[in-house]
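Participant: The numbering of the sequence shown is my numbering, which starts it at 8 and goes up by one. Glycine residues also receive a C-beta, built at the ideal position from the N, C-alpha and C atoms. The structure presented is a predicted model; accordingly, all values stated were derived computationally and were not measured.
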Amino acid sequence: MAGSTTPWIRWKFAFPERLAPTKSCWPWPMLPAARTRALWVPARKRCARWWTGCSTTRKTVHELQEGGIMLSGTKESSTAEEPKASIKLILSSTVFGTVIEWYDFYIYGTAAALVFGKLFFPGTSAFMSTLLAMLTFAAGLLARPVGAVLFGHLGDRIGRRDIMVATMALMGVPTLLIGLLPTYATAGIWAPVGLVVLRILQGLALGGEWGGAVLMAVEHSSDRRKSIFGSLPQMGIPAGVVTAAGVFYLVTVISGDQLETWGWRVPFIVSAFLVIIALYIRLRVPETPDFKRARTERRIERMPFISVLKREPRSLFLTACAKAGEVTLFFLTTVFLISYATQNLDLNRNYVLALVVLGSLISLVNIPLGGWLGGRFGPRRIYLMSNVALAVVAFPMFYLLETRTTVGTLLAFIVPIGLVFPIILGSQANLLAQQFPTELRYTGMSVGVSITSGVAGGFAPTIATALVHWSGNAIGLGYYLTVMALLSAWSAYMMKSVKDGRAVEKDARTVKIDGGVVS
Numbered sequence: 008m009a010g011s012t013t014p015w016i017r018w019k020f021a022f023p024e025r026l027a028p029t030k031s032c033w034p035w036p037m038l039p040a041a042r043t044r045a046l047w048v049p050a051r052k053r054c055a056r057w058w059t060g061c062s063t064t065r066k067t068v069h070e071l072q073e074g075g076i077m078l079s080g081t082k083e084s085s086t087a088e089e090p091k092a093s094i095k096l097i098l099s100s101t102v103f104g105t106v107i108e109w110y111d112f113y114i115y116g117t118a119a120a121l122v123f124g125k126l127f128f129p130g131t132s133a134f135m136s137t138l139l140a141m142l143t144f145a146a147g148l149l150a151r152p153v154g155a156v157l158f159g160h161l162g163d164r165i166g167r168r169d170i171m172v173a174t175m176a177l178m179g180v181p182t183l184l185i186g187l188l189p190t191y192a193t194a195g196i197w198a199p200v201g202l203v204v205l206r207i208l209q210g211l212a213l214g215g216e217w218g219g220a221v222l223m224a225v226e227h228s229s230d231r232r233k234s235i236f237g238s239l240p241q242m243g244i245p246a247g248v249v250t251a252a253g254v255f256y257l258v259t260v261i262s263g264d265q266l267e268t269w270g271w272r273v274p275f276i277v278s279a280f281l282v283i284i285a286l287y288i289r290l291r292v293p294e295t296p297d298f299k300r301a302r303t304e305r306r307i308e309r310m311p312f313i314s315v316l317k318r319e320p321r322s323l324f325l326t327a328c329a330k331a332g333e334v335t336l337f338f339l340t341t342v343f344l345i346s347y348a349t350q351n352l353d354l355n356r357n358y359v360l361a362l363v364v365l366g367s368l369i370s371l372v373n374i375p376l377g378g379w380l381g382g383r384f385g386p387r388r389i390y391l392m393s394n395v396a397l398a399v400v401a402f403p404m405f406y407l408l409e410t411r412t413t414v415g416t417l418l419a420f421i422v423p424i425g426l427v428f429p430i431i432l433g434s435q436a437n438l439l440a441q442q443f444p445t446e447l448r449y450t451g452m453s454v455g456v457s458i459t460s461g462v463a464g465g466f467a468p469t470i471a472t473a474l475v476h477w478s479g480n481a482i483g484l485g486y487y488l489t490v491m492a493l494l495s496a497w498s499a500y501m502m503k504s505v506k507d508g509r510a511v512e513k514d515a516r517t518v519k520i521d522g523g524v525v526s
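1. What's the gap between the Cα of S314 and the Cα of P189?
2. Report back the beta-carbon spacing between T469 and A145 to the nearest angstrom; my notes put them in contact at under 8 Å.
3. Quick one: is I244 buried, meaning 16 or more other Cβ sit within 10 Å of its Cβ, or exposed?
4. Can you tell me whether A492 is buried or exposed, with buried defined as 16 or more other CB within 10 angstroms of its CB?
5. Need the endpoints of the alpha helix (DSSP H) that E446 sits in, please.
6. If I measure Cβ to Cβ from G332 and keep anything under 6 Å in the same chain, skipping five residues before and after, which residues do I get?
7. Quick one, which of A133, S434, G162 has its alpha-carbon nearest R388's?
8. In whole angstroms, what is the alpha-carbon distance linking V359 and G253?
9. Are there any heavy atoms of the ligand MN lying less than 8 Å away from the beta-carbon of I424, as far as the coordinates show?
10. Assuming A499 contacts Y390 under a Cβ cut-off of 8 Å, what Cβ separation, rounded to an integer in Å, is found between them?
11. Smallest Cα separation from L368: which of V334, G385, P429?
12. Between the alpha carbons of S85 and H227, how many angstroms are there, rounded?
13. Bridge partners of A100, per DSSP?
14. What does a CB cutoff of less than 6 Å around E216 pick up in its chain, not counting 5 residues either side in sequence?
15. Nearest to M501 by CA position, among Y487, Q442, H476, G461, is which residue?
16. Taking just the CA atoms, how far does I424 sit from V364?
17. Would DSSP call S93 helix, strand or coil?
18. Rounded to the nearest angstrom, what separates S234 and W379 at their Cα positions?
19. Applying the criterion that 16 or more other CB atoms from any shown protein chain within 10 Å of the CB defines a buried residue, is F22 buried or exposed?
20. Which term fits R65, buried or exposed, when burial requires 16 or more other beta carbons within 10 angstroms of its beta carbon?
21. Consult DSSP for S504 and reduce its assignment to one of helix, strand or coil.
22. Could you spell out where the alpha helix (DSSP H) holding W4 opens and where it closes?
23. Determine, using beta carbons only, whether V106 and M310 come nearer to each other than 9 Å.
24. Assuming L177 and L208 form a contact by the criterion Cβ under 8 Å, report the distance between their Cβ atoms to the nearest whole angstrom.
25. Any idea what DSSP makes of Q441, helix, strand or coil?
26. Between the C-alpha atoms of R411 and F402, what's the straight-line distance to the nearest angstrom?
27. Out of N437, F280, K330, T413, point me to the one whose CA is closest to S460's CA.
28. For F275, count the other beta carbons within 10 Å of its own beta carbon; 16 or more makes it buried, fewer makes it exposed. Which is it?
29. So R232 is in the alpha helix (DSSP H); what residue range does that whole segment cover?
30. Taking only three categories from DSSP, how would you classify T174?
31. Identify, in the order they occur along the chain, each residue of the same chain with its Cβ nearer than 8 Å to the Cβ of I261, setting aside the five sequence neighbours on each side.
Now the structure itself:
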């Protein structure tokens, strides 16, 4: 080194995290340990790496990420993994909390399909009472975007953990009060009014719950595990359905003819005990490293929702479209078909609930498979293919249901709910999370998802009820579900790709730096 005319060529100066934030191309001196490691590296290779560093404006990793450029393969691009005990607590809090949230939400849908029409909207035809009960169900979903804006704003400003505790409490209290609510025969018009108000509070809570639970799992994991960890909170959706349907099944068996008197109240009251356990777990969970880093680097937005509309309108629109197929399938099968199969097809109520439970149990097992496939082949690709598969099975699903045979009805529930639905859910979480930067992620995800859940999901049972009343059977609903599934497939095609757990623009300039990628 002493006799070399260009000793700087042999120094290892190509690491961007060690370059000073300067506009100059000239490398800064390295620490002694770094010099010895790169002492005899060929000058030609070092020059190439140095020039690569200069061509990317010689910014540090922190500055590149501040400017919206994603780095993969560097130390800064991966979230440091939590200790095993901590990560288990984090994942259990997200899964268990999501189970309760969806249990609370689904028991309302089941009660609306089975008993709320008679108890809160008497004096009308069976069709009108069911339709009004479904509209109260839709009212909660229409409140989800408002809850998403509110809790998304707080989640991106205050933190993920505290908002998850708040959404759990807000979901639990109205659910308990619904179980104690007097019916129309006792309170008159105030009974349905109270039902709608409590339902709206449920919707506000659910608007902030899903995004927070997913982000707690994704942001606590390393880049390579974001897809599989992000799929775990999704298991709470079918698990909540299984728990709610199972409790309703037991209540209908035990109460018998007393279901409309006191039996329907039991599932709502049981929820209060589950909420206490979930709150205890969530209060022990730490804040996510990604949010801590954003707060340390002062990247917190004052008005996250306005920033999403200005900076990420395309991602917001595609996120909303991406949920169309999955959310329509979910609310058609778990809410509308229960009412339709029991009232129009004369199928046994307990048999229909058992089909929903069986399909959800299979889905529960297959959701991690969807997360693994997303991590292995890319969540965008898996999400696109699974929505195309949903479009393919839409017509056979409703045709088999109309056969009223054991095999036909079994396949009508098992194939879409147990096989297609979980692959969509498993690959969904990390794909949607990576469409937004950390400081806008809670708001962007929650608002995009909640808009579709409120519009496509909330009105799916109502639209289906009206279409069946007009056509006389459910086969025509295949057109409805097919259009929604293809819309989701198109949005997945248009989204940013996700590689190694991070989003990469399709048309982005890509430069390799020391084994990493700058896009």
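Facilitator: In terms of the structure at hand:
1. Position 307 of the sequence shown, counted from the start, is the residue given in the question as residue 314. Position 182 of the sequence shown, counted from the start, is the residue given in the question as residue 189. Looking at the two C-alpha atoms, the distance is approximately 44 Å.
2. The count along the sequence shown starts at 1 and reaches residue 469 at position 462. The count along the sequence shown starts at 1 and reaches residue 145 at position 138. Indeed, because the Cβ distance is near 6 Å, the residues count as touching under 8 Å.
3. Here residue 244 refers to the residue found at position 237 of the sequence shown. Buried.
4. Taking the first residue of the sequence shown as 1, we reach residue 492 at position 485. A492 is buried by the Cβ-count criterion.
5. Along the sequence shown, read from residue 1 onward, the residue named residue 446 stands at position 439. Run containing E446: 445-459, per the alpha helix (DSSP H) assignment.
6. As a working mapping, residue 332 is identified with position 325 in the sequence shown. Counting only Cβ-Cβ distances below 6 Å, and skipping sequence neighbours, we find N394, L397, M491, A492, S495.
7. Counting from 1 along the sequence shown, the entry for residue 388 is found at position 381. For R388, the nearest C-alpha among the options comes from S434.
8. Working through the sequence shown from its first residue, we reach residue 359 at position 352. Working through the sequence shown from its first residue, we reach residue 253 at position 246. Roughly 12 Å separates the two Cα atoms.
9. The ligand MN is not part of this structure, which contains no ligands at all.
10. Translated into the one-based positions of the sequence shown, residue 499 becomes position 492. Translated into the one-based positions of the sequence shown, residue 390 becomes position 383. Rounded, the Cβ-Cβ distance is 4 Å, consistent with contact.
11. Within the sequence shown, numbered from 1, the residue matching residue 368 stands at position 361. Minimum Cα distance to L368 is reached at P429.
12. The residue given as residue 85 occupies position 78 in the sequence shown. The residue given as residue 227 occupies position 220 in the sequence shown. In this predicted model, S85 has a pLDDT of only 40, less than 50, meaning its place in the structure is not dependable; the value taken from the coordinates is given anyway. So the two alpha carbons sit approximately 10 Å from each other.
13. Locating residue 100 in the sequence shown gives position 93, counting from the first residue. The sequence shown places Ser at residue 100, rather than the Ala named in the question. Answer is none; S100 lacks a bridge partner.
14. On the sequence shown, residue 216 is found 209 positions in, with the first residue counted as 1. So the qualifying residues of the chain are E108, T174.
15. The residue you call residue 501 lines up with position 494 of the sequence shown. Checked all of Y487, Q442, H476, G461; the closest Cα to M501 is Q442.
16. Counting from 1 along the sequence shown, the entry for residue 364 is found at position 357. Counting from 1 along the sequence shown, the entry for residue 424 is found at position 417. Looking at the two C-alpha atoms, the distance is approximately 10 Å.
17. As a first step, residue 93 must be located in the sequence shown, where it is residue number 86. S93: helix per DSSP, three-state reduction.
18. Stepping through the sequence shown from its first residue, residue 234 is reached at position 227. Stepping through the sequence shown from its first residue, residue 379 is reached at position 372. If I take the Cα positions, the gap works out to 7 Å.
19. Your numbering for residue 22 matches position 15 in the sequence shown. Note that F22 scores a pLDDT of 39, beneath 50, so its modelled location is shaky; the value from the coordinates is reported in the next line. With 16 or more other Cβ atoms within 10 Å, it is buried.
20. Position 58 of the sequence shown, counting from 1, holds the residue named residue 65. Note that R65 has pLDDT 36, beneath the 50 cutoff, so the model's placement of it is unreliable and the number below is only indicative. So R65 counts as buried.
21. Taking the first residue of the sequence shown as 1, we reach residue 504 at position 497. Residue state, collapsed to three classes: strand.
22. It is not possible to answer for residue 4, since the shown part of the chain is limited to 8 through 526.
23. As a first step, residue 106 must be located in the sequence shown, where it is residue number 99. As a first step, residue 310 must be located in the sequence shown, where it is residue number 303. No, the Cβ-Cβ distance between V106 and M310 is not below 9 Å.
24. The residue given as residue 177 occupies position 170 in the sequence shown. The residue given as residue 208 occupies position 201 in the sequence shown. With a Cβ gap of about 6 Å, L177 and L208 count as contacting.
25. Indexing the sequence shown from 1 puts residue 441 at position 434. Coil.
26. Stepping through the sequence shown from its first residue, residue 411 is reached at position 404. Stepping through the sequence shown from its first residue, residue 402 is reached at position 395. For R411 and F402, the distance between alpha carbons rounds to 15 Å.
27. Taking the sequence shown and counting its residues from 1, the one referred to as residue 460 is at position 453. It is K330.
28. One-based indexing of the sequence shown puts residue 275 at position 268. Result: buried.
29. On the sequence shown, residue 232 is found 225 positions in, with the first residue counted as 1. That residue, R232, is in no alpha helix (DSSP H); it is neither H nor E in DSSP.
30. What you label residue 174 is simply residue 167 of the sequence shown in a count that begins at 1. DSSP places T174 in helix when its eight states are reduced to three.
31. In the sequence shown, counting from the first residue as 1, residue 261 sits at position 254. Correct list, in chain order: G270.
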